[in-house]
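S.K.: The numbering used here puts the first residue of the sequence shown at 10, with every later residue one more than the last.
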Amino acid sequence: MTRRLSPMTNLRLFNILAAVALAACWTASASARYADRWYRMGDDPAQNASAGPVTTDTFDSAGSLGMNQLHDLTPSGSPLYVNIAGDRPIPAVTNNNWAIQFDGVDDYLLGPNLNNPSQSIAQTTGGENYAGIEDRGYQFWVKPQSLPATGSAVMVDDGEEHEFRVTSTGFWSPETRNSALTTTTAATLNVWTHISQVRPNGVAGGSLSWVNGIAVASQTGDYDLLGTTGLVVGANASPDGVGGTTIPPVAYFNGLIDELELFVLGGSYGAFAYTKDNGYFTDVFLPSQAAAYSYVDATGPRGGPDGHNDKVWVAGDINFDGQKTQADVDAFVAGWRSSNADAIVGAGPGIGDYLTLGQGDLDLDGDTDIDDFVVLRTAFAGVAVAMPTAAQLASLVPEPGTVGLALVAGLFGVAAQVRRKQG
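1. Please state whether DSSP places VAL114 in a helix, a strand or coil.
2. Which residues in the same chain as VAL200 place their Cβ atom closer than 8 Å to its Cβ, once the five residues preceding and following it in sequence are excluded?
3. Roughly how many angstroms separate the alpha carbons of GLY222 and SER303, rounded to a whole number?
4. With DSSP run on the structure shown, which of helix, strand or coil describes VAL175?
5. Note down, in chain order, each residue of its chain lying with its Cβ closer than 7 Å to the Cβ of PHE281, except the 5 sequence neighbours on either side.
6. CB-CB under 6 Å to GLY72, same chain, minus the five flanking residues each way: which ones, in chain order?
7. Looking only at its own chain, which residues have a Cβ that is under 6 Å from the Cβ of VAL225, when we skip the five neighbours before and after it?
8. Going by other Cβ atoms of all chains shown within 10 Å of its Cβ, with 16 needed for buried, is SER59 buried or exposed?
9. Measuring alpha carbon to alpha carbon, tell me which of SER85, LEU74 and TYR90 ends up nearest PRO62.
10. Run through DSSP, which three-state label would ASP267 get?
11. Can you tell me whether PRO258 is buried or exposed? The criterion is at least 16 other CB atoms within 10 Å of its CB, across all chains shown.
12. Tell me, please, which residues DSSP counts as bridged to PRO153.
13. Give the straight-line distance between the Cα atoms of PRO121 and PHE389, rounded to the nearest whole angstrom.
14. Could you name the residues that DSSP lists as bridge partners for TRP47?
15. Identify which residue in GLY369, ALA399, GLY355 and THR377 has its Cα closest to the Cα of PRO183.
16. Quick check on this structure: which residue in VAL342, GLN154 and GLY75 has the alpha carbon closest to the alpha carbon of GLY113?
17. So the candidates are PRO248, TYR261 and LEU240; which of them puts its Cα closest to the Cα of SER87?
18. Comparing C-alpha positions only, which one of THR67, PRO98, ILE379 and PHE294 sits nearest to SER85?
19. Alpha carbon to alpha carbon, how far is THR64 from ALA340? Give it in angstroms, no decimals.
20. At which residues does the beta strand (DSSP E) containing ILE204 begin and terminate?
21. Is the beta carbon of HIS317 sitting closer than 9 Å to the one on GLY279?
22. By the DSSP assignment, the alpha helix (DSSP H) with GLN332 in it spans what residues?
23. Based on DSSP bridge pairs, tell me the residues matched to GLN228.
24. Return helix, strand or coil for LEU240, following the three-state DSSP convention.
25. Apply the 10 Å Cβ neighbour rule to GLY344 and answer buried if 16 or more other Cβ atoms are within range, or exposed otherwise.
26. Using a Cβ-Cβ cut-off of 7 Å (strictly less than) and excluding sequence neighbours within five positions of VAL163, which residues of its own chain qualify?
27. Which partner residues does ARG145 have in the DSSP bridge list?
28. Quick one: residues in its chain with C-beta nearer than 7 Å to the C-beta of ARG21, no 5 flanking neighbours on either side, listed in chain order?
29. PRO183 by DSSP, collapsed to three states: which one?
30. Determine the closest residue to LYS285 out of SER247, ALA131, PRO98 and LEU373, with distance taken between C-alpha atoms.
31. Kindly identify the DSSP beta-bridge partner or partners of SER188.
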């Protein structure tokens, strides 16, 4: 027997779908993340790097001189500047000529943490207005040259709360607070890999991790907001008991690290959007798909070049050809009810990537469902395509059923009638 929804249930579902549609519109127009740190590992114009030991601080390139906004990293051991002009992570970025090599024995870089932006040095002495902001993230390029003999080697550790590791068994391992996960994604030696870990929207929004733009892990987003342990690159950070940082004699990383960016999310500083803020998606994947997305870096959230592609993904471009056509709608139908849940480790929220997006996961939560149909209809408003009907989508799989899908169609029908009456 088919259960009929009451008028009140229909109204609630209608309101939910309307809210989703409005949220989708807001997300598409939201600004990008705000870079609090940008460690170019030798490529800052003032660095004057040369091949050999890093004997002075490596510079932070995000901020203004004399404003306590530049938080440089101090070397320990003997990390090396290495010329990578012939092997850049992104060949199109021709001003990226240096990276820093760590020996896996005693090399690391140390600086003040970002951790909780509202408690960070940028807020307390740097003039940034991070009050009340706890969302943040980071991304970088890494080339591991060998695996640790046991345990794991830490590449980046921000405040002992946000970490990324590579295990002795050869898998990538993100950590939030003291909860480390081992992904099913293998690390490849001597190949550049892009890493990103983001806490985008409070505890419920999770701590989300991507490797080369592909979602690998999702954890809950809670962490120690008052952590005082520093930012360590190339090794593990631990508290020293008196408000500082100590480096355990294990977990040193062997390999190259480049272009480390730590960013702030929330308030006037922007909301995270994978399609704008994941460096692998914007800088590598999109340019490989269509000339319309070819790499150009003229400006970023701070107003100048920021090491990322200025070209923005066209909302609704599911097949990544730079335009909205019937082919995108067809790809949505083909991907209906697909999910990447089996590929993700951790107990956090759903997380999408360019693979799920290519199957119609327009809200990037890891599956293609009724929420994405709302976003699809919004993105293609006014575009001449044959949109699937509620009945057609419902016939592909029993859920979510024709009632919910019909309400989605009704939502846009009502909106069209209102526009006609207002016009």
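We put the CB at the ideal spot given by N, CA and C, even for glycine.
M.R.: The answer reads as follows:
1. The count along the sequence shown starts at 1 and reaches residue 114 at position 105. Coil, per DSSP.
2. By one-based count along the sequence shown, residue 200 stands at place 191. Correct list, in chain order: LYS152.
3. Position 213 of the sequence shown, counted from the start, is the residue given in the question as residue 222. Position 294 of the sequence shown, counted from the start, is the residue given in the question as residue 303. Taking the straight line joining both Cα atoms gives about 17 Å.
4. On the sequence shown, position 166 is the one that residue 175 refers to. If DSSP states are grouped into helix, strand and coil, VAL175 belongs with the strands.
5. For this step, residue 281 is matched to residue 272 along the sequence shown. Only ARG42, GLY146, VAL207, PRO209 and LEU274 meet the Cβ criterion.
6. As a first step, residue 72 is located in the sequence shown; it is residue number 63 there, counting from the start. Non-local beta-carbon contacts of GLY72 in its own chain, meaning distances under 6 Å to residues more than five positions away in sequence, involve GLN78 and LEU79 in chain order.
7. As a first step, residue 225 must be located in the sequence shown, where it is residue number 216. If the five residues before and after VAL225 are omitted, its C-beta is found closer than 6 Å to the C-beta atoms of THR192, THR194 and SER218, all from its own chain and listed in chain order.
8. Translated into the one-based positions of the sequence shown, residue 59 becomes position 50. Exposed.
9. As a working note, residue 62 is residue 53 in the sequence shown. Minimum Cα distance to PRO62 is reached at TYR90.
10. Here the question's residue 267 lines up with position 258 in the sequence shown. ASP267 sits in a strand when the DSSP states are folded into three classes.
11. As a first step, residue 258 must be located in the sequence shown, where it is residue number 249. The residue in question, PRO258, is exposed, as its Cβ has fewer than 16 Cβ neighbours within 10 Å.
12. Stepping through the sequence shown from its first residue, residue 153 is reached at position 144. Answer is GLY264.
13. Along the sequence shown, one-based indexing puts residue 121 at 112. Along the sequence shown, one-based indexing puts residue 389 at 380. Approximately 46 Å, taken between the alpha carbons.
14. Taking the first residue of the sequence shown as position 1, residue 47 is located at position 38. Its beta-bridge partners are GLU270.
15. Stepping through the sequence shown from its first residue, residue 183 is reached at position 174. Among GLY369, ALA399, GLY355 and THR377, the Cα nearest to that of PRO183 is on GLY355.
16. For this step, residue 113 is matched to residue 104 along the sequence shown. Taking the Cα of GLY113 as reference, the smallest distance to any Cα among VAL342, GLN154 and GLY75 is reached at GLN154.
17. As a first step, residue 87 is located in the sequence shown; it is residue number 78 there, counting from the start. Distances from the alpha-carbon of SER87 to those of PRO248, TYR261 and LEU240 put TYR261 closest.
18. Walking along the sequence shown from the start, residue 85 turns up at place 76. Comparing Cα-Cα distances from SER85 to each of THR67, PRO98, ILE379 and PHE294, the minimum goes to THR67.
19. Along the sequence shown, read from residue 1 onward, the residue named residue 340 stands at position 331. Along the sequence shown, read from residue 1 onward, the residue named residue 64 stands at position 55. Between the alpha carbons of ALA340 and THR64 lies a gap of roughly 53 Å.
20. As a working note, residue 204 is residue 195 in the sequence shown. Counting along the chain, the beta strand (DSSP E) containing ILE204 begins and ends at 202-208.
21. Locating residue 317 in the sequence shown gives position 308, counting from the first residue. Locating residue 279 in the sequence shown gives position 270, counting from the first residue. With a cutoff of 9 Å on beta-carbon distance, HIS317 and GLY279 are scored as not near each other.
22. The count along the sequence shown starts at 1 and reaches residue 332 at position 323. Run containing GLN332: none; DSSP gives neither H nor E here.
23. As a first step, residue 228 must be located in the sequence shown, where it is residue number 219. Within the DSSP secondary-structure output, GLN228 pairs in a beta bridge with SER216.
24. Walking along the sequence shown from the start, residue 240 turns up at place 231. Note: LEU240 maps to strand in three-state DSSP.
25. Counted from its first residue, the sequence shown places residue 344 at position 335. Buried, by the Cβ-count rule.
26. As a first step, residue 163 is located in the sequence shown; it is residue number 154 there, counting from the start. Closer than 7 Å at Cβ, skipping near neighbours: GLU172, ARG174, ALA244, ASN245, ALA260 and PHE262.
27. Here residue 145 corresponds to residue number 136 of the sequence shown, with the count starting at 1. Note: ARG145 is bridge-paired with ARG208 and VAL273 in the DSSP secondary-structure output.
28. Residue numbering aside, residue 21 sits at position 12 when the sequence shown is read from its first letter. With a pLDDT of only 41 at ARG21, under 50, the local geometry of the prediction cannot be trusted, and the value read off the model is given with reservation. So no residue of the chain qualifies.
29. Residue numbering aside, residue 183 sits at position 174 when the sequence shown is read from its first letter. Strand, per DSSP.
30. Counted from its first residue, the sequence shown places residue 285 at position 276. For LYS285, the nearest C-alpha among the options comes from LEU373.
31. For the purposes of this step, residue 188 is identified with residue 179 of the sequence shown, where counting begins at 1. The partner list for SER188 (beta bridge, DSSP) reads THR185.
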